[in-house]
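Q:
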Amino acid sequence: MFNPRRTFEIISYLQYPAMLAALYYVIKPYFVGFDTMWENCNFALIFMGLGISLSTLQDTTRTQDDFSKRIWENPKKGKIFLILMAMTAVFFILVGFVGLYISSNEILSKLAIGIIVLGIGLIGMLKAAMELFENHRLDKKKLP
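If you read the sequence shown in my numbering, its first letter stands for residue 375, the second for the next number, and so on.
#1: Does T434 come out as helix, strand or coil in the three-state DSSP assignment?
#2: Name the two residues that bound the continuous alpha helix (DSSP H) containing M375.
#3: Should the region 489 to 507 be called in touch with the region 453 to 470, which here means at least 3 C-beta pairs below 8 Å?
#4: Tell me the DSSP secondary structure of S429 in three-state form.
#5: Counting along the chain, where does the alpha helix (DSSP H) carrying K514 start and finish?
#6: Would you give the residue range spanned by the alpha helix (DSSP H) that I401 belongs to?
#7: Beta-carbon within less than 7 Å of L431's beta-carbon, same chain only, minus the 5 sequence neighbours each way: which residues are those?
#8: Considering only C-alpha positions, which residue in the set P449, K451, A503 is nearest to A463?
#9: Count the CB pairs spanning the region 408 to 427 and the region 451 to 463 that are closer than 8 Å, and state whether there are at least three.
#10: Please classify F441 as buried or exposed, where buried requires at least 16 neighbouring CB atoms within 10 angstroms.
#11: Do you know how far the Cα of G407 is from the Cα of I445?
#12: How big is the Cα-Cα spacing for N536 and L512?
#13: Under DSSP, the alpha helix (DSSP H) around I476 begins and ends at which residues?
#14: Taking 8 Å as the threshold (C-beta atoms), are T437 and L506 in contact?
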């Protein structure tokens, strides 16, 4: 029987090719020259944002490792981490829009779209992190 949750978990594995594509664009200038470095960095940021967005399709009822489990089980650590993630996402989106519409800095203008896409990916990751926090925090778990 068709299970949409499992389908999205399988789709989430596309994060790895997206991150490999980002890595490709990061190292590409070392092989073809640095004259298009900022365009390559922009593509790397776009693929990183896409990879992060795809990673949010994973199952939020499970944690990946003990380190993240300790963060999400602790209400104080989880809230701090969520605040930091939100601030990071807002920062990237604001910097991207400044670069896109306001800045006369040529480099920032070339990176603006990639920075915005990365910020959008971080918003998706923030949503997944909020679900992880709600699913794992010890002070809200129902006792059997």
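Where a beta carbon is used, it is the ideal one built from N, C-alpha and C, also for glycine.
A: In terms of the structure at hand:
#1: coil
#2: First-last for M375: undefined, no H or E at that position.
#3: yes
#4: helix
#5: From DSSP, K514 is part of no alpha helix (DSSP H); its letter is neither H nor E.
#6: Per DSSP, I401 belongs to the alpha helix (DSSP H) from 389 to 406.
#7: Around L431: F382, E383, I385, S386.
#8: A503
#9: At 8 Å Cβ cutoff, the stretches do not touch.
#10: exposed
#11: 42 Å
#12: Nothing can be reported for residue 536: it is not among the residues displayed for the chain, which extend from 375 to 518.
#13: Premise fails: I476 is in no alpha helix (DSSP H) and is neither H nor E.
#14: Yes, the Cβ-Cβ distance between L506 and T437 is below 8 Å.
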